[in-house]
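Its first residue numbered 16, the sequence shown is counted upward by one per residue in the numbering used here.
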Amino acid sequence: MTTIRILLTLAVNRQWQLIQLDVLNAFLHGDLTEDIYMRQPPGFIDAASPSSVCKLRKSLYGLKQAPRQWFEKLTSFLQTQGFRFTRSDPSLLSYQLNHIQIFFLIYVDDILITGNNSAAITALLSKLHSQFSLKQTSQLSLFLGIQILQQPFGLFLSQQHYAERLLKDAGLTDCKPAVTPISPKSRHTASPSQPFHDPTLYRRLAGSLQYLSITRPDIAFATNQVCQHMHQLTTQHFQALKRLLRYVKGTLSFGLPLTTGDLTLRTYTDADWASDSSDRKSVSGFCSFLGPNLKSWSVKKQVTVPKSSTEAEYRALSAATSDVIWLRRLLAELDISQPSPTIIHCDNTSALALAQNPVFHARTKHIEIDYQFIRQHLKTGAISLTHIPSEQQIADILTKSFSAVRFDTLRRKLTIRSKND
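And the structure:
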């Protein structure tokens with residue numbers, strides 16, 4: 016999804032054409048390399064040999080090999096046309112020759128194409144149509160369930176239709192909206208509560224909220240919280256999920272804008288130390304911007320229990336660094352160079368001092384791998400660390416709950432807004 020958002024931003028900034036293709040019966044195109052037999056299908060049984068089996072020459076839906084063979088078939092054809100896999104994302108192929116740039120993004124049978132040469136793209140489309148059964152849309156409007164709205168400033172990514180179906184599925188179409196996705200005082204507690212009577216409903220709604228967060232990072236932290244209780248559910252957990260759905264009800268038109276502007280990468284990282292009272296693990300969060308546009312974010316409960324806030328912040332900083340290194344590699348392959356080190360904003364002075372101090376303290380040896388990893392990329396100039404006051408830390412919204420006023424401020428800094436604004 017990060018690759019999709021970056022590719023769309025690239026097309027917006029360079030005013031490139033965006034083309035969407037849908038492959039019809041994609042899995043039937045794959046060639047089989049193994050000998051596979053199947054029973055004669057009902058209605059096509061040979062009366063003379065009813066016990067005989069069929070040997071497959073092409074892949075079929077239902078075969079475990081079908082997705083892999085389809086991907087191999089398509090990418091092999093593209094490679095004959097001069098395309099090459101990018102190192103950063105195996106679903107993204109690029110063509111670069113004689114100042115012609117074409118990028119080809121594959122997600123199963125949905126394809127996104129953009130580039131700087133319309134004639135070369137038209138020639139490629141002609142060859143694709145001769146090889147595969149394709150449906151081409153006149154204007155990019157819906158990709159992987161994400162509505163892509165054309166606006167004067169660029170594009171607007173929304174999942175309003177998906178959110179409306181989710182509320183209908185939950186029976187909350189006419190519920191009262193909430194101003195925040197999670198109560199400001201909400202914390203994990205060990206207080207007993209009645210078991211929830213329909214665990215399947217809870218899990219289905221929680222999984223749907225995860226997909227909704229593709230364009231709604233403002234619900235990422237709350238979704239992370241509700242997804243931690245897939246087992247041993249209680250009515251209290253379901254009330255928290257309903258609170259999140261009530262917030263979605265009041266923000267149906269919200270989404271993620273993609274605008275033109277500077278294409279410099281910057282990242283914010285934060286951690287909430289020992290925030291889970293049940294196991295005292297911390298929550299890490301980071302978000303990365305490409306110019307004015309939010310491109311990548313993460314909310315994750317840390318695997319180990321940190322002994323200090325410095326350790327918790329340092330682990331979050333290490334996770335953000337990993338994402339930055341990958342983003343820089345992807346941007347380089349998309350010809351969006353980052354000549355300067357990527358600034359990572361952190362509000363913990365101790366974590367910054369630990370990263371920049373070459374003297375390794377004995378009490379921090381248990382995080383030595385994270386230490387050496389960050390130090391290496393500081394030395395190579397890939398990243399630089401900068402202190403930021405806590406009140407300006409955008410990643411705060413990914414690690415904890417807030418009052419309505421503070422949450423609204425952070426949400427605006429995260430660029431999440433209504434499509435009508």
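For each residue, glycine too, the CB sits at the ideal point set by N, CA and C. Since we're looking at a predicted model, the values are computed, not measured.
Residue range of the beta strand (DSSP E) that includes residue i
i	result
P272	269–274
H176	From DSSP, H176 is part of no beta strand (DSSP E) but of the alpha helix (DSSP H) over 175–185.
I358	357–361
Sheet register partners of residue i (DSSP bridge)
i	result
C302	Y283, W312
Y52	K70
Q32	G130
L172	I163, L271
I398	T357
R432	G270
V38	L149
P210	T249
D423	According to DSSP, D423 bridges with nothing at all.
D46	K73
Straight-line gap, residue i to residue j (C-alpha atoms, nearest Å)
i	j	result
A377	D362	Its pLDDT being 49, under 50, A377 is placed unreliably in this model, and the coordinates cannot settle the point.
A26	D233	25 Å
I359	C302	10 Å
N435	E87	42 Å
I136	L23	17 Å
P307	M53	54 Å
I121	F304	24 Å
L259	F100	40 Å
I398	S223	35 Å
D124	A41	6 Å
A185	S433	23 Å
I351	P272	19 Å
W31	L75	36 Å
K394	F417	37 Å
L220	S148	35 Å
V194	H144	49 Å
L345	S333	19 Å
Q55	T274	55 Å
R180	Y386	45 Å
G45	S106	17 Å
I51	S91	22 Å
K79	A419	48 Å
D104	T18	8 Å
P354	T249	51 Å
T364	R231	30 Å
S297	T319	8 Å
I21	E383	33 Å
A437	W85	Residue 437 lies beyond the stretch modelled for the chain, which goes from 16 to 436, so this question has no answer here.
A81	Q371	50 Å
L227	L159	12 Å
K73	Y110	29 Å
L425	G77	46 Å
F422	H114	46 Å
S156	T325	45 Å
L47	R83	10 Å
Q96	L172	32 Å
Q146	L93	11 Å
F388	I340	11 Å
Q407	D294	29 Å
Delimiting residues of the alpha helix (DSSP H) encompassing residue i
i	result
H252	250–265
I403	Here I403 belongs to no alpha helix (DSSP H), and DSSP marks it neither H nor E.
S324	324–348
N372	Unbroken run through N372: none, as it is neither H nor E.
S416	Run containing S416: none; DSSP gives neither H nor E here.
T5	Beyond the ends of the chain as shown, which are 16 and 436, falls residue 5; an answer cannot be given.
Any 3 or more C-beta pairs closer than 8 Å across the region 255–272 and the region 184–193 | The region 255–272 is in contact with the region 184–193.
Within the region 82–164, note down every full beta strand (DSSP E) run reaching 3 residues or more, in order along the chain.
-> The region 82–164 contains these whole beta strand (DSSP E) runs: 107–112, 115–122, 125–130, 149–151.
Do the region 23–37 and the region 63–79 meet, that is, are 3 or more Cβ pairs less than 8 Å apart?
-> With the cut-off at 8 Å, the region 23–37 and the region 63–79 do not touch.
Are the region 249–258 and the region 320–330 in contact at 8 Å, needing three or more beta carbon pairs?
-> They do not touch, by the three-pair rule.
Taking one C-beta from the region 282–295 and one from the region 396–414 each time, how about it: are there three or more such pairs within less than 8 Å?
-> Taking 8 Å as the limit for Cβ pairs, the verdict is that the region 396–414 does touch the region 282–295.
Inter-stretch contact at 8 Å, needing at least 3 Cβ pairs: the region 146–153 / the region 166–178 | Counting Cβ pairs under 8 Å, fewer than three are found: no touch.
Is the region 212–225 touching the region 286–293 in the sense that three or more CB pairs, one from each, lie closer than 8 Å?
-> Counting Cβ pairs under 8 Å, fewer than three are found: no touch.
For the region 424–434 and the region 313–323, state whether three or more C-beta atom pairs, one from each stretch, are separated by less than 8 Å.
-> Note that the region 424–434 does not touch the region 313–323; fewer than 3 beta-carbon pairs, one per stretch, sit closer than 8 Å.
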